[in-house]
Amino acid sequence: MESLIFTFFFTYTLLISINALDTIAVNQTLKDGQTIVSPNEAFELGFFTPGNASENRYLGIWYKRQATGTIAWVANREIPIRNNNSGELTLRSDGVLVLRDSATDTIVWSSGSGIFNVNATARLSDDGNFVVGNDDDDESGSYIWQSFDHPGDTLLPGMKFGRYSDEKGITVANVTSWKSADDPSQGTFMVYMDLNGFPQVFIKNGNVTEHRLGIWNGIGYTGMPTLQTKNPIFTFEYVSNETGTFSVFNLINTSVLTKTKLNPSGDLGWYNWIDRTHGWFLYLSPAGDNCARYALCGVYGRCDIQKSQSCECLRGFTPKRPDQWDVSDWGDGCRREIELNCSFGEGFRKYSYMKLPDTRESWYDTRMGLEECRVKCRNECNCTAYSQLDIKYGTGCLLWYGELIDMRTFPSTGQDIYIKMAAAELAKDMKVSKGKKQVLVIAIPVTLGLVILLGVCLLIIRKNRKQKLKAQVTQDPIEPKDVIHVPLFKLSSLLVATDNFSSNNKLGEGGFGPVYKGVLEDGHEIAVKRLSINSSQGVEEFKNEVMFISNLQHRNLVKILGCCVEGQEQMLIYEYMPNKGLDLFLFDETLSRTLGWSQRFHIIKGIARGLLYLHQDSRLRIIHRDLKAANILLDHDMNPKISDFGLARSFKGNETETNTKRVVGTYGYMSPEYAGDGIFSVKSDVFSFGVLVLEIMSGKKNRGFSHEDHNHNLLGHAWKLHRDGKALELADASLIETGHTFELLLSIRVALLCVQHDPADRPNMSTVVMMLSGDESRLPEPKQPGFYKEEDRFGPVNSSSLQSQKSNNGVTLTLMEPR
1 MESLIFTFFF
11 TYTLLISINA
21 LDTIAVNQTL
31 KDGQTIVSPN
41 EAFELGFFTP
51 GNASENRYLG
61 IWYKRQATGT
71 IAWVANREIP
81 IRNNNSGELT
91 LRSDGVLVLR
101 DSATDTIVWS
111 SGSGIFNVNA
121 TARLSDDGNF
131 VVGNDDDDES
141 GSYIWQSFDH
151 PGDTLLPGMK
161 FGRYSDEKGI
171 TVANVTSWKS
181 ADDPSQGTFM
191 VYMDLNGFPQ
201 VFIKNGNVTE
211 HRLGIWNGIG
221 YTGMPTLQTK
231 NPIFTFEYVS
241 NETGTFSVFN
251 LINTSVLTKT
261 KLNPSGDLGW
271 YNWIDRTHGW
281 FLYLSPAGDN
291 CARYALCGVY
301 GRCDIQKSQS
311 CECLRGFTPK
321 RPDQWDVSDW
331 GDGCRREIEL
341 NCSFGEGFRK
351 YSYMKLPDTR
361 ESWYDTRMGL
371 EECRVKCRNE
381 CNCTAYSQLD
391 IKYGTGCLLW
401 YGELIDMRTF
411 PSTGQDIYIK
421 MAAAELAKDM
431 KVSKGKKQVL
441 VIAIPVTLGL
451 VILLGVCLLI
461 IRKNRKQKLK
471 AQVTQDPIEP
481 KDVIHVPLFK
491 LSSLLVATDN
501 FSSNNKLGEG
511 GFGPVYKGVL
521 EDGHEIAVKR
531 LSINSSQGVE
541 EFKNEVMFIS
551 NLQHRNLVKI
561 LGCCVEGQEQ
571 MLIYEYMPNK
581 GLDLFLFDET
591 LSRTLGWSQR
601 FHIIKGIARG
611 LLYLHQDSRL
621 RIIHRDLKAA
631 NILLDHDMNP
641 KISDFGLARS
651 FKGNETETNT
661 KRVVGTYGYM
671 SPEYAGDGIF
681 SVKSDVFSFG
691 VLVLEIMSGK
701 KNRGFSHEDH
711 NHNLLGHAWK
721 LHRDGKALEL
731 ADASLIETGH
741 TFELLLSIRV
751 ALLCVQHDPA
761 DRPNMSTVVM
771 MLSGDESRLP
781 EPKQPGFYKE
791 EDRFGPVNSS
801 SLQSQKSNNG
811 VTLTLMEPR
């Protein structure tokens, strides 16, 4: 969307103007056709015509060297100059800038009152600030007037937002949208800081409050979770003292071109300029979901975007109009089940992970501790809630008076709030607590007994399974006729090549068995996969792999060189991959640091192309069914090769999906429809690919992933960060500073689209390949992923429980462990 704003057409070519000036001196005039350029040529000031339809002329500042022509500031927003070549900007002797239309001899804008100062000059600084100052005071930092005190729809790094004062008086700096891309006059949307109670930031449309971006809690604004974590580009600073209350963002990486902009549609965002795409990229934005709407749930209501019905009353409260809540009209909010009466026994109930309510009826003290805060609120009858003011340093007290409104759940960045409750209401908590203790006394011994019984059963099942597999290998050997279409290797030559399968040559072990490195007599390096008697795969998987891999030829698929079938020995011989498996790089703390983003993105795209070949371009149309990090091998140049086709299946004709009674694969990569109902299709592989991409991004395993703030797995964690506008937090810390924000966010969005619960919502691999070369902002919004909580997958995280579980339709799940 923001890239569309980069459509300014100038009536005159100002970008390479031979009439460029450094400054304007007293009584000097800048005419239409002349410009002022900053010393580093980052910004330029002059006259322009915006958009495509307008014929009006404005005095403004725009980007010059990069993002050429994007407007950053406009002087005469409300009164345009309607005649070409008639605009004139003059610096008077009192330091006041005056813009006039010479054709009508009318003043259309001025910088306000000034002081007599014959040494004043007006210059454009490298940060985009147009400053009128005294030459004698350049080093002191003093100025008569500056454009940074009068923002339009854009905030640049270093600009203050809020209210502040100095010797020149009080300045109120708000952000107001343009009416349209053709009209820079003030639109209906405004971002402003409200100083009633504890200061907070709002977005309003006319007189209607649209969003409340919240208060400053020491880390960020409570309604903008995306800005409450560190980023490598800029820092946020909040100042509240005798000089004023304002915030400002400053660049960390000065090579990045960034700005904050309020679009005519009311969308607020932080944008970075991407040279490669020649466009502005939305880097961060406030939460834009339904819960961001101001007071959606009314008083004492809480919005939770994860719930099917967004609004719910806080515990201890009930809807004022239940009939309206049934039709999703929550505006009237909630009322207390038991009213307060300022009596003995009233106390507080803690609500966690909350966006704190509107603070316009609040009181605060930055020095008071939380316990003092509690006592003060308890002793004041009209105090309804309290919370800590600064969560960074654990200080400060914030009290609310009156009803609480505009609250929502933020699972990772939300805060604790303590709401005053009646004594009878708090007594309910005591009963619940006592009941839980009684349940625990009974439940603990019963649970221990069940665990012991389950352990015995699992040992019996595992023993029987091994005996069955051993019998399968012994009684149903592979014959040479079964593998006639691939070269046969002699066992004796493989024994020599691997030094009798020495442990020193062992590369790893998968579900099929151990893999060894070997060197043939001609010096050719090979990898030998040897079927183990304890293998969870057997004869059919061996035949399967030989049949499929020998018929496939693609640069992103591992190449089979032959096989060996002698006696009880069954082996597959592959090209040797010197960098082994992707899992060894991703999940090793030391090796992962050597895998930069460019290599990771190259690997992601290579895997996608390999899958596209399997699904669409190969004559067999193959579903891999066991795509995972351990089955991605890396050659000498770190090119990815999909391997291990023992579990693969092919489709015939126009088949798109089928089902099986024996579900095989690896825990953490299987799609919901496959693990639960045995249904597999190309979309099953797409799901596995999405999981794999998230693992490549984060360096974390989906299986067993844990986080202190929630019980989601890696998929759920990624989904949560994406909804909170903090998707970049998923990426390995070493990748954030690489300058590839665009590709990082693109990969996360594609991965989340791939792991959506409904297979119909997932893209096919041809679409995925195109997405990985496109624009993240143009991709659809992903829906909730499948298996985004650990307990969603048949209960606790352990292989034994998986192998013993059955789904409702009798499908048996067989776990294939990774190397």
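Counting from 1, one number per residue, gives the positions in the sequence shown under the UniProt record's numbering. We treat Cβ as the ideally placed atom computed from N, Cα and C, and that holds for glycine. Quick caveat: nothing in here was measured; it's all calculated off a predicted structure.
- Fully enclosed beta strand (DSSP E) runs of no fewer than 3 residues occupy 29–31, 35–37, 43–48, 58–63, 71–74, 87–91, 97–101, 106–110, 120–124, 130–134 of the UniProt domain "Bulb-type lectin" (27–151), in order along the chain.
- Separation of the CB atoms of ASP127 and GLY158 is rounded to 5 angstroms, and the pair is thereby assigned contact status at 8 angstroms.
- For LYS628, the three-state secondary structure derived from DSSP is coil.
- At a cut-off of 4 residues, the continuous stretches assigned as alpha helix (DSSP H) that sit fully inside the stretch 495–576 are 539–550.
- ILE338 is the residue among ILE405, ILE338, ASP365 whose C-alpha sits nearest the C-alpha of LEU426.
- Excluding sequence positions up to five before and after ALA20, its CB lies within less than 6 angstroms of the CB of THR35, VAL37, all in the same chain and listed in chain order.
- Each of LEU647, THR154, CYS291 was checked against the Cα of ARG212, and the nearest Cα belongs to CYS291.
- At the C-beta level, ASN579 and LEU627 stay beyond 9 angstroms of one another.
- In the DSSP assignment, ALA25 is bridged to THR121.
- MET697 counts as buried, since at least 16 other C-beta atoms from the protein chains shown sit within 10 angstroms of its C-beta.
- Only buried fits ALA629, as 16 or more other CB atoms lie within 10 angstroms of its CB.
- Counting the other Cβ atoms within 10 Å of the Cβ of GLN309 gives fewer than 16, which makes it exposed.
- In the structure shown, the three-state DSSP call for ALA427 is helix.
- Per the coordinates, the alpha-carbon of THR409 lies some 22 angstroms from the alpha-carbon of GLY197.
- No Cβ-Cβ contact shorter than 9 angstroms links LEU45 with LEU99.
- For VAL755, the secondary structure class from DSSP, reduced to helix, strand or coil, is coil.
- Between ALA497 and VAL519, the alpha-carbon positions lie close to 5 angstroms from each other.
- In the three-state reduction of the DSSP assignment, TRP325 falls in the helix class.
- Using a 10 angstroms sphere on the CB of PRO80, the tally of other CB atoms reaches 16 or more, which defines it as buried.
- Linking GLY347 to CYS373 through their CA atoms gives a straight-line distance of about 13 angstroms.
- Relative to ASP94, the option among ARG77, SER86, SER113 whose CA is nearest is SER113.
- For ASN379, the uninterrupted alpha helix (DSSP H) segment begins and ends at 370–379.
- Nearest in C-alpha terms to ARG335, of all of GLU55, ASP304, HIS712, GLY402, is GLY402.
- Counting only runs that start and end inside the stretch 154–188, the beta strand (DSSP E) elements of at least 3 residues fall at 161–166, 169–173, 175–180.
- Excluding residues up to 5 positions away in sequence, ASN702, ARG703 lie with their Cβ nearer than 6 angstroms to the Cβ of GLY668 in the same chain.
- GLN568 counts as exposed, since fewer than 16 other C-beta atoms from the protein chains shown sit within 10 angstroms of its C-beta.
- In this structure, the alpha-carbon of ASP406 lies about 10 angstroms from that of GLY333.
- Cβ atoms of PHE236 and PHE246 stay farther apart than 8 angstroms, at about 11 angstroms.
- For the set TYR164, ASN174, SER111, the Cα lying nearest the Cα of ILE144 is the one of SER111.
- Cβ neighbours of MET354 within its own chain (closer than 8 angstroms, five residues either side excluded): ARG302, MET407, ARG408, THR409, PHE410, GLY414, GLN415, ASP416, ILE417.
- DSSP assignment within the stretch 196–226 yields the following whole beta strand (DSSP E) runs of 3 residues or more, N-terminal first: 200–205, 208–215.
- Between the C-alpha atoms of ILE604 and VAL693 there is a straight-line separation of about 6 angstroms.
- Of the other Cβ atoms in all chains shown, fewer than 16 fall within 10 Å of the Cβ of GLN616; this residue is therefore exposed.
- With a cutoff of 9 angstroms on beta-carbon distance, GLY187 and THR171 are scored as not near each other.
- Judged by DSSP in its simplified three-state form, PRO357 adopts coil rather than helix or strand.
- Counting along the chain, the unbroken beta strand (DSSP E) around SER247 starts and ends at 244–251.
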